[in-house]
Each structure stands twice: as C-alpha cells, then as structure tokens.
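Just so we're aligned: 3 in numbering that gives the first Met the number 0 is position 4 of the sequence shown, and the numbers increase by one with no gaps anywhere.
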Amino acid sequence: MAVITIPRPLREKLGDDGADALVAVINEAAKNQREDIIAFVEERFERRLAEELAKVREEIATLRVEAANGKADLIRWMFVFWVGQIGVITGILFAFFK
C-alpha cells in the first residue's frame, strides 16, 4: 500500500486531525476502487470463460457428429470390400472346380 504524505502547508491548514482524515478518505477511496476493479475483472473473466466453454462444447458436438458420419462411411466401405472379396473368392472357386 502506498504511503501518503501530506505537504506541510496543507497539514498546517487542515490540522493534524484533518490531515489524518484526508489520508483515511484517500485510502478508503483507493480500497473501493481496487475492489471495483477486481469485481469488474472477475465478471469479465467469468463471461469470457463461459463463451469459451460454449465454443468448446460446440466443437465437441460437431466432432461427435463427424465421427458418427465417419463410422457410417467406414462401415459402408467395409461392406463393399467384403462383398467384393466374396465375389472374388466365389469366382476363384468356380474356376478351380471346373
């Protein structure tokens, strides 16, 4: 905390009690300002955090949909491959047994 010194001419005009009261008012104002700044920064941080979490959740949902589509495509291509393999094996067996 900063030390506040009152210049001598002002201290003489205000007196010791007045100077001490002025220092107390200045300190209280600084404390209130610090608390207000902290509250503002907390609110801003929480808002930003909520926005970023929403973005992450959206990306996760998108990835889940893409993964589901990717699995369907993979199963489709596996089926095509198996049908092709069965066709080739059947052709080889027919050629071998004739």
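Positions of the beta carbon are idealized from the N, C-alpha and C atoms, including for glycine.
8 Å Cβ cutoff met for residue i and residue j
i    : j  : result
V22  : I3 : yes
A124 : I5 : Nothing can be reported for residue 124, as the shown portion of the chain is limited to 0 through 97.
Three-way DSSP call (helix, strand, coil) for residue i in this model
i   : result
K97 : coil
I88 : helix
T61 : helix
I37 : helix
I74 : helix
I25 : helix
P8  : helix
Same chain only: Cβ atoms within 7 Å of residue i, ignoring 5 sequence neighbours per side
i   : result
K12 : none
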